[in-house]
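Presented below is the structure to which this report refers.
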Amino acid sequence: MVLEVALIDVLPGHEEEFTAAYAQGRPVLASTPGCRSVRMTRGIESPSRFVLLVEWDTVEAHDENFRGTERFTQWRALIGPHFAGPPVVEHYTDVTV
Numbered sequence: 076m077v078l079e080v081a082l083i084d085v086l087p088g089h090e091e092e093f094t095a096a097y098a099q100g101r102p103v104l105a106s107t108p109g110c111r112s113v114r115m116t117r118g119i120e121s122p123s124r125f126v127l128l129v130e131w132d133t134v135e136a137h138d139e140n141f142r143g144t145e146r147f148t149q150w151r152a153l154i155g156p157h158f159a160g161p162p163v164v165e166h167y168t169d170v171t172v
């Protein structure tokens, strides 16, 4: 399993519109083959900052099944107009002990 973490800064005053756009686009992302779960959180101290957490089977599932398809275009068309800047996106794996 791979965890995608996206830090998203939204234009001030667009928070509610962004949340509505996320609600509309979430099924597009969540139904992608290889997507295990999708969660969006919002900053308390920084209410214009959101963190998207997506569990994928693999990085390739994210890149090939989502980013490289029309799904990503749909998703970005919904949420992208509310971005204050490009999101910072990284992938993580669990630390085993």
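Numbering (the numbering used here), first residue to last: 76 to 172.
The C-beta atom is built at its ideal place from N, Cα and C for all residues, glycine as well.
Next item on the list: Determine the burial state of E79: buried for a count of at least 16 other Cβ atoms within 10 Å of its Cβ, exposed for fewer.
Entry: Working through the sequence shown from its first residue, we reach residue 79 at position 4. Burial call: buried.
Margin query: I'd like the ranges of any beta strand (DSSP E) spanning at least 3 consecutive residues and lying wholly in the segment 106-141.
Written below: 110-117, 124-131
Next item on the list: Label G100 either buried or exposed according to how many other C-beta atoms from any shown protein chain fall within 10 Å of its C-beta, with 16 as the threshold for buried.
Entry: Against the sequence shown, residue 100 aligns to sequence position 25. When all chains shown are included, G100 counts as buried.
Item checked: Outcome for V172 when other beta-carbon atoms lying within 10 angstroms are tallied against a minimum of 16 -> Looking up residue 172 in the sequence shown gives position 97. V172 comes out exposed.
Notebook entry, point to check: Looking only at DSSP bridge pairs, what is H166 linked to?
Noted result: By one-based count along the sequence shown, residue 166 stands at place 91. Answer by DSSP bridge pairing, in chain order: E79.
Note to self: On the DSSP letters alone, give me the boundaries of the alpha helix (DSSP H) that L153 sits inside.
What the structure shows: Along the sequence shown, read from residue 1 onward, the residue named residue 153 stands at position 78. Run containing L153: 145-154, per the alpha helix (DSSP H) assignment.
Notebook entry, point to check: Roughly how many angstroms lie between the CA atoms of R117 and P156, to the nearest whole one?
Noted result: On the sequence shown, residue 117 is found 42 positions in, with the first residue counted as 1. On the sequence shown, residue 156 is found 81 positions in, with the first residue counted as 1. Spanning the two alpha carbons is a distance of roughly 18 Å.
Next item on the list: Output the distance between the C-alpha atoms of P108 and V134, rounded to the nearest integer angstrom.
Entry: Working through the sequence shown from its first residue, we reach residue 108 at position 33. Working through the sequence shown from its first residue, we reach residue 134 at position 59. Roughly 12 Å separates the two Cα atoms.
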